[in-house]
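At position 263 of the sequence shown (counting the first as 1) the number is 263 in UniProt numbering, and the numbers step up by one without a gap. Glycine residues also receive a C-beta, built at the ideal position from the N, C-alpha and C atoms. Before any comments, here is the structure.
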Amino acid sequence: MFTSIYVLAGGVPFGFLFRKSGFAVKWTDKLLALSVWILLFLLGFGLGGDKNLMVQIKDLGIQAFCITFFAVLGSLVFAYLVAKLWYKEALGTHGHKVSHKNDRDIAESKWTAIKSSCIVLCFFLSGIFLGYMRVLPFEADSGTYTVSALYVLLFLAGMSVGFDLHAFRIIQELKGVILVVPLAAVLGTVLGSMFASFLVPNLALLDAVAVGVGLGYYSLSSTIISQEVGPVLGSVALLSNIMREVACLVFAPVMVRFFGLLGPVFAGGATSNDSSLPIIAKFCGERYAIIAIFTGVVLTLAVPFLVPLVLYLRSL
Numbered sequence: 001m002f003t004s005i006y007v008l009a010g011g012v013p014f015g016f017l018f019r020k021s022g023f024a025v026k027w028t029d030k031l032l033a034l035s036v037w038i039l040l041f042l043l044g045f046g047l048g049g050d051k052n053l054m055v056q057i058k059d060l061g062i063q064a065f066c067i068t069f070f071a072v073l074g075s076l077v078f079a080y081l082v083a084k085l086w087y088k089e090a091l092g093t094h095g096h097k098v099s100h101k102n103d104r105d106i107a108e109s110k111w112t113a114i115k116s117s118c119i120v121l122c123f124f125l126s127g128i129f130l131g132y133m134r135v136l137p138f139e140a141d142s143g144t145y146t147v148s149a150l151y152v153l154l155f156l157a158g159m160s161v162g163f164d165l166h167a168f169r170i171i172q173e174l175k176g177v178i179l180v181v182p183l184a185a186v187l188g189t190v191l192g193s194m195f196a197s198f199l200v201p202n203l204a205l206l207d208a209v210a211v212g213v214g215l216g217y218y219s220l221s222s223t224i225i226s227q228e229v230g231p232v233l234g235s236v237a238l239l240s241n242i243m244r245e246v247a248c249l250v251f252a253p254v255m256v257r258f259f260g261l262l263g264p265v266f267a268g269g270a271t272s273n274d275s276s277l278p279i280i281a282k283f284c285g286e287r288y289a290i291i292a293i294f295t296g297v298v299l300t301l302a303v304p305f306l307v308p309l310v311l312y313l314r315s316l
């Protein structure tokens, strides 16, 4: 349970040590993307290699959609409640657009993020196809390669956190109340995921919660779940968390309209400080972009704790 946490934490001091090296930052980002693609290819390969699991692929997609819908809805309800209690100005949606990015820049950022999700899906689907066709040696889906790739991903993710610790200084700027945002986002996600388990047949409560607390961090959460539970739930986690990211990118204006300026921040989850950030800055403004950076970093660091914790409770 704790190995992934140790590996992630071990990368942070290395990132801090090399934070001024443009070469290290550049290649860490490239290797991080590569490790994500390899992980998800191996996840798909394991799924495709099991003919019995392939029969369930339609049901997996339905489960993923339902978990995403209710996890995001739960997050948005809590975004509204937090705004009512601590960020009352977040319920006023006028005059918050930023001026340093034009609509074309935002559109390009949105489609770049969506393109990234499509690339991830291509690697996953390619793995399923090759696993199903038995093109590669059967031993390739044994899990050894996946574990190694997972640890590489965790270490690189820790380094990327160490490169920029700016988010932790935001606490001083916005006071301790900012801590409520990531905590409430997790709570809303958990409750929404639990509700989904009551509506979807054959979906256990803690299975739904384990998928939900991936918080949009699809590569890490899906791999951990695949290793601890199996490729079926791991595939649901992958699809669900990709859906969460895309939902924030596409429906951010609607979220702002009905749930306030914190809505996209809560819905974006762990993606709020990277792929979802341009959209949040566009529709929520600079202040909430800063909150999004902090929230995204905290939730990214929380996923390696939360997913194994839920899986541990599941095993009791």
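How long is the line joining the alpha carbons of I162 and K20, rounded to whole angstroms?
Inspection of the sequence shows that residue 162 is occupied by Gly rather than by Ile. Our two residues, G162 and K20, have alpha carbons roughly 11 Å apart in a direct line.
Can you tell me the Cα-Cα spacing of L154 and V297, whole angstroms?
Between the alpha carbons of L154 and V297 lies a distance of about 14 Å.
By a C-beta neighbour count over all protein chains shown, 10 Å radius and 16 as the cutoff for buried, is L311 buried or exposed?
With 16 or more other Cβ atoms from the protein chains shown falling within 10 Å of its own Cβ, L311 counts as buried.
Within 10 angstroms of its Cβ, does Y6 collect 16 or more other Cβ (buried), or is it exposed?
By the neighbour-count definition (other C-beta atoms within 10 Å, threshold 16), Y6 is an exposed residue.
Could you give the first and the last residue of the continuous alpha helix (DSSP H) run that contains residue 382?
Nothing about residue 382 can be read from this structure; the chain reaches only from 1 to 316.
Just to confirm before moving on: does the CB-CB distance between C248 and V72 stay below 9 Å?
At the C-beta level, C248 and V72 come within 9 Å of one another.
The ligand GTP heavy atom lying under 8 Å from the CB of K84
Among the components modelled here there is no ligand, and therefore nothing to report on the ligand GTP.
Mind checking which residues open and close the alpha helix (DSSP H) that includes R19?
Careful: R19 lies outside any alpha helix (DSSP H) and carries neither H nor E.
Would V209 and S221 be called neighbours here (beta carbons separated by less than 9 Å)?
Contact flag unset, no.
Using CA atoms only, rank isn't needed, just tell me which of V135, N202 and I224 is closest to V303.
The shortest Cα separation from V303 among V135, N202 and I224 belongs to I224.
Note the first and the last residue of the continuous alpha helix (DSSP H) segment covering R257.
P231 to F259 is the extent of the alpha helix (DSSP H) around R257.
Simplified DSSP state of L262, which is helix, strand or coil:
Coil, per DSSP.
Reduced DSSP category for A204 - H, G, I as helix; E, B as strand; rest coil
Coil at A204, not helix or strand.
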